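Here my numbering is used: the first residue of the sequence shown is 29, the next is one more, and so on.
Every residue, glycine too, gets a C-beta built ideally from N, C-alpha and C.
Note that the coordinates shown come from a computational prediction; the quantities given were computed from them, not determined experimentally.
One structure is given here, and the rest of the page talks about it.
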Amino acid sequence: MYRDRIRLPSLHSKIISAAEAAALIQDGMTVGMSGFTRAGEAKAVPHALAERALQTPLKISLMTGASLGNDLDKQLTEAGVLSRRMPFQVDSTLRKAINDGTVMFIDQHLSDTVELLRNRQIKAVDLAVIECVAITEEGHLVLSTSVGNSASFAILAQQVIVEINLAQPLELEGLHDIYIPSYRPTRLPIPVLKADTRIGSQAVQIDPSKIVGIVISNQPDSPSTVSPPDIETQAIADHLVEFFKSEVRENRLTHRLMPLQAGIGNIANAVMHGLIGSPFHDLTMYSEVLQDSTFDLFDAGLLSFASASSITLSAAKHAQVFGDFARYKPKLLLRPQEISNHPEVIRRLGVIGINTALEFDIYGNVNSTHIGGTRMMNGIGGSGDFSRNAHLAIFVTKSIAKGGAISSIVPMVSHVDHTEHDVDILVTEQGLADLRGLAPRERARVIIDRCVHPAYRDALNGYFAAACAKGGHTPHVLRDALAWHINLEESGSMLAE
């Protein structure tokens, strides 16, 4: 029945139920699961594990590529399965457990996790649970809509459970480029020279004797929840387009720009969508995630190739793309996240990185992760991989939030993920601040003038003037630097009466 999916006959006897597979996961194990931005996660086994834990409690340390879909983090958290989680998540139930201290969360650059595993700097993976569309005649794994950390989890784990998901089309085979770097200190350069360079194999090469169970599932990825562009995100996109035009005029870019990277979420997706109608053409992407806007750019004839680690689409866009997948497939490549996010490759290709900030301060420090400096939102993801190494490190956000109670530009960020040294361009719907070549006092002047909402501009000008009166290379009034966050905590607004 599954010969087109499980092509090594000796593995047919390994087909088991999801409950039987979940029983192989023992208390205290470190488990690596496939999944990157709600795409390509194993679906049946984690659900069965949560069901089992409600009857027979157990706890595991869970590693993934990034976030899981189908409410799996929610189910695992509610069942008490998670003692430790890394390197990224987006689930509100898990987020609450992290901030309560119930689940220990390790927030990591997405290029780092398997590097730490490979060099035995963190606890080894005992068992991997990997979603695939097929197993080859050699027993190698053909992944589905994401690669993430799946390849290294399968290679490094002692045991592997494979989920063959019939809802994932076999047309995905051939899309993947599985390349594993050699070990330090004799590692060779990673030979990605262009976004479309293929350097690896189409399947994950493992010893099939490691496969202890194969589960047949039939459940689609969760659709992404991106919203259409609004007035503010369109304004952000417009500012960026004008900036890129000026870079072309100054001969720092051509109309092909450089390979583009866009973080996950509404704002980054809308900004990429905003390139439609621009004068740029023959664009490429070297990114983490391919969202709806990627395929909009293909359809508009502006994008020629896209390399990433996963495909995460809305329901409507998923139906359109996979209904005509043969047209897109030659223009796509999915890589392990340590390659899609590798500093060496990002710097070589000259990637333009566009990521989202929760807040930034008047000197260009960016907070991507923590609300009020203490409460984890999602995680740093790959934004640090790109910002430190990009040709242009761009961060975007709306200038205010919560109906104006919060300014996204503050005197001092409450948590620093990206220092002022790694940030080139800041953009809100108000305008764009180019920080290249500017000293701290000059950066502050440009940020306040161009990015801050009018409701907060006078207050920030007042803070900056008082700070400059005290002196210093990076002037601050320490007693007042976090006063806006304190006001928000105590009164519900940063500009308390």
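| Can you name the residues that DSSP bridges to residue 112? | 89, 132
| query | Name the DSSP beta bridge partners of residue 496, please? | reply | Its beta-bridge partners do not exist; DSSP assigns none.
| For residue 403, the residue or residues it bridges with in DSSP | For residue 403, DSSP records a beta bridge to 399.
| field | Alpha carbon of residue 412 to alpha carbon of residue 373, nearest angstrom | value | 14 Å
| field | Residue of 447, 422, 331, 177 minimising C-alpha distance to residue 116 | value | 177
| message | For the region 179–186 against the region 38–46, do three or more pairs of beta-carbon atoms, one drawn from each stretch, fall closer than 8 Å, so that the two count as touching? | response | no
| message | Between the alpha carbons of residue 388 and residue 464, how many angstroms are there, rounded? | response | 16 Å
| residue 307 and residue 346: beta carbons closer than 8 Å? | It is not a contact, given that the beta carbons lie outside the stated cut-off.
| task | Assign residue 22 to buried or exposed, taking buried as 16 or more other Cβ atoms, counted over all protein chains shown, within 10 Å of its Cβ. | result | In this structure the chain extends from 29 to 525, so residue 22 is not present and cannot be described.
| What three-state label does DSSP hand residue 533 in the structure shown? | Limits of the chain in this structure are 29 at one end and 525 at the other, which puts residue 533 out of reach.
| Where residue 256 falls: helix, strand or coil (DSSP) | coil
| task | State the start and end residues of the unbroken beta strand (DSSP E) segment that holds residue 313. | result | Counted as a single uninterrupted DSSP element, the beta strand (DSSP E) harbouring residue 313 occupies residues 311–314.
| contact_flag[the region 388–406, the region 257–269] where n(CB pairs < 8 Å) is 3 or more | no
| task | Keeping to the same chain, check which residues put their C-beta closer than 7 Å to that of residue 407; ignore five residues upstream and five downstream. | result | 115, 116, 117, 135, 397
| said: Need the endpoints of the alpha helix (DSSP H) that residue 327 sits in, please. | reply: 320–327
| query | Name the DSSP bridge partner or partners of residue 364? | reply | 176
| field | residue 231 versus residue 410 - alpha carbon distance | value | 24 Å
| said: Distance check for residue 106 and residue 172, CA to CA, integer angstroms please. | reply: 27 Å
| field | Same chain, Cβ closer than 6 Å to residue 322, five either side skipped, listed in chain order | value | 334
| query | From the DSSP output, which residues share a beta bridge with residue 289? | reply | 381
| request: May I have the straight-line CA-CA distance separating residue 73 from residue 460, to the nearest angstrom? | output: Going from the Cα of residue 73 to the Cα of residue 460 covers about 46 Å.
| Closer than 8 Å to chain C by CB, residue 231 | Going by chain labels, chain C is absent from the structure shown, which holds only one protein chain.
| query | Would a C-beta distance cut-off of 8 Å place residue 191 and residue 153 closer than the cut-off? | reply | no
| request: Return the chain-ordered ranges of every alpha helix (DSSP H) run that is complete within the region 440–520 and spans a minimum of 4 residues. | output: 468–479, 482–498, 511–519
| query | To the nearest whole angstrom, what separates the beta carbons of residue 100 and residue 79, a pair I think is in contact under 8 Å? | reply | About 12 Å separates the two Cβ atoms, so there is no contact after all.
| field | the region 84–104 in contact with the region 194–208 per 3-pair CB rule at 8 Å | value | Because the criterion of three Cβ pairs below 8 Å is not met, the region 84–104 and the region 194–208 do not touch.
| said: As a quick exercise: from 502, 499, 437, pick the residue whose alpha carbon is nearest that of residue 486. | reply: 437
| task | Enumerate in chain order the residues of its own chain whose CB-to-CB distance from residue 144 is below 6 Å, with the five nearest sequence positions on each side excluded. | result | Cβ neighbours of residue 144 beyond the five flanking positions: 150.
| message | Alpha carbons only, please: which of 53, 471, 273 is nearest the one belonging to residue 156? | response | When only C-alpha atoms are compared, the closest one is 53.
| field | Opposing strand residues paired with residue 528 [DSSP bridges] | value | Because the chain spans 29 through 525 in this model, residue 528 falls outside it and cannot be assessed.
| task | For the region 60–86, list the alpha helix (DSSP H) runs that are entirely contained and at least 4 residues long, ordered along the chain. | result | 72–83
| query | Just reading off the alpha helix (DSSP H) that residue 344 is part of, what are its end residues? | reply | 343–351
| request: State the start and end residues of the unbroken beta strand (DSSP E) segment that holds residue 333. | output: Going by DSSP, residue 333 is part of the beta strand (DSSP E) stretching over 331–336.
| residue 242 - containing alpha helix (DSSP H), residue span | Careful: residue 242 lies outside any alpha helix (DSSP H), inside the beta strand (DSSP E) at 239–245.
| task | Return yes when at least one heavy atom of the ligand GTP lies under 7 Å from the C-beta of residue 179, else no. | result | This structure does not include the ligand GTP; it has no bound ligands of any sort.
| task | Output yes or no for whether 8 Å exceeds the beta carbon distance between residue 423 and residue 454. | result | Cβ atoms of residue 423 and residue 454: closer than 8 Å.
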